[in-house]
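Written out below as structure tokens is the structure these notes cover.
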Amino acid sequence: MEGEGVHNMVGRLLCRLAATLALVLAGSAHAEPGITPNSIVIGQAAGFTGSVAGTVKELTAGAQAYFDYVNAKGGIHGRKIRLESMDDGFDPKRTPDVVKKLIEEKNVFAMFLARGTPTTEAAYAVLEKAQVPLIGPSTGAMSMYDPPRKYIFPVRASYHSETFKIVPQLVNMGINRIAILYVDDSFGKDGLAGVQQALKSANLTPVAVVSHVRGATKLDESVAAIGKTDPQAIIMITVLDAGVAFVKQMKKTGRGPVFITLSNNSSNAFIKNLGEDGWGVAVSQVSPFPFSRTMPITKEFHEVIKGRQDVAASYSSMEGFISAKVLVEGLKRAGPKPTREKLIAGLESMNKYDLGGVDVSYGPQLRAGTSFIDITIISKTGKFVR
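Per my numbering, the sequence shown starts with residue 161, numbered consecutively.
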């Protein structure tokens, strides 16, 4: 009888263990990809090599600093954020495969901080099929905003918004002979459309509209075509390397127009690569001035990066920091049992949400992001000044 009692007890224990294991396995089977009891895995596909590498590294450093700050305080509902980054070489032909690998092999919960218009647009079909949201793509193309796409949450203001800040600024300076240089890809064409609309609103026609092929840095033909129109200002819709090359080559001709470029060239790397030719080049910005503590969000930024050797204050690191804040708030609103749909709903509930002096707005049919825009100039000492 005693042996039978022991046998029954062992049997009951085995049944309980089996039931517990079944619950665990069932829970694992239904767990959202990228979510573990202790972590949330976020994916990033961006050009860590190629023409935008400097900017991408600054963006990522700013975002990672904020993630580390949040993780040190216990993470999101007890889970720490882990950023899984992969290089797409800023090549839209590579981007879909990189995104697919992050989703299918790295099992990321969401995507974050892509870089570039062509690459982000190339990724969207993969995101939509997998139903994975992308937060904070570093591009201001109108395709990110209108019409709103369910799985895209832009944070920065649009390029068109920037152009409607730039053109009136030039007009107020008495400038009306304006040329346009743009890269012949989806980013360049989007920015071109914005500049043309802004000029039309000011009753102006550009004196020259010149394109260059993607990836080009020998821009002699572009310099000659624009130079012969003797513009007072040149609005450049180019990536970093081409923008640097154009300014240097144009200045060698002895001409001194106002050079102004969009916020995609707001990095410290842009200033560094321009060297002594950077003085006087204007850059529109979509983040608050990151070199002082004049706003709650810039004060927090400096507190977070204080003592870190891997991140320096810059407009790009500030953009990455702000995008990370948006993602974190969305994750908080997704709750302790997050799903991708809950994350989307959480982000869509952020209407005029104050990040610290900068508002961000989303909704079921709204992908506005922020609206902050400023104009800066590179000083003789190689600093952005307002």
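Cβ coordinates follow ideal geometry from the N, Cα and C atoms, glycine included. Please read all numbers here as calculations on a predicted model, not as lab measurements.
By the Cβ rule, the stretch 307-314 counts as touching the stretch 519-539, because three or more pairs are nearer than 8 Å. Under the DSSP assignment, Lys240 falls in the beta strand (DSSP E) whose first and last residues are Lys240 to Asp247. For His372, the three-state secondary structure derived from DSSP is strand. Per DSSP, Phe406 is one residue of the alpha helix (DSSP H) stretching across Leu400 to Lys412.
At the C-beta level, Phe461 and Phe481 come within 7 Å of one another. With respect to the C-alpha of Tyr226, the residue from Val443, Ala213 and Lys240 having the closest C-alpha is Lys240.
The stretch 498-507 makes no contact with the stretch 437-453: fewer than 3 CB pairs, one atom from each, lie closer than 8 Å. Counted as a single uninterrupted DSSP element, the stretch harbouring Gln329 is not any beta strand (DSSP E) but the alpha helix (DSSP H) occupying residues Tyr319 to Asn332. If you ignore the 5 residues before and after Ala376, its C-beta comes within less than 7 Å of the C-beta of Ala402, all in its own chain and listed in chain order. According to DSSP, Asp514 shares a beta bridge with Asp519. By the criterion of a C-beta distance shorter than 8 Å, Glu281 is surrounded in its chain by Pro252, Ala301, Ser303 and Ser346, once the five residues flanking it on both sides are discounted.
Counting C-beta pairs closer than 8 Å gives fewer than three between the stretch 190-197 and the stretch 406-424, which falls short of the contact rule. Put simply, the backbone Cα of Ile397 is about 27 Å away from that of Thr458. Counting every other CB atom within 10 Å of its CB across the protein chains shown gives Asp514 a total below 16, marking it as exposed. The beta carbon of Ala472 is closer than 7 Å to those of Asn428 in its chain, skipping five residues each way along the sequence.
In the structure shown, Ser346 adopts helical secondary structure according to DSSP, grouped into three states. The three-state reading of DSSP puts Arg468 in coil, since its state is none of H, G, I, E or B.
Per DSSP, reduced to three states, the secondary structure at Ala205 is strand.
Secondary structure at Leu526: strand, using DSSP grouped into helix, strand and coil. The Cβ atoms of Ser211 and Val399 sit closer than 7 Å to each other.
If you draw a straight line from the Cα of His372 to the Cα of Arg275, it comes to about 20 Å. Our two residues, Ile236 and Pro197, have alpha carbons roughly 11 Å apart in a direct line.
Judged by their CB atoms, Pro256 and Val286 are nearer to each other than the 7 Å cut-off.
Nearest to Ala528 by C-alpha distance, out of Asp306, Phe250, Tyr284 and Gln469, is Asp306. Here Asp380 carries a helix assignment [DSSP, helix/strand/coil].
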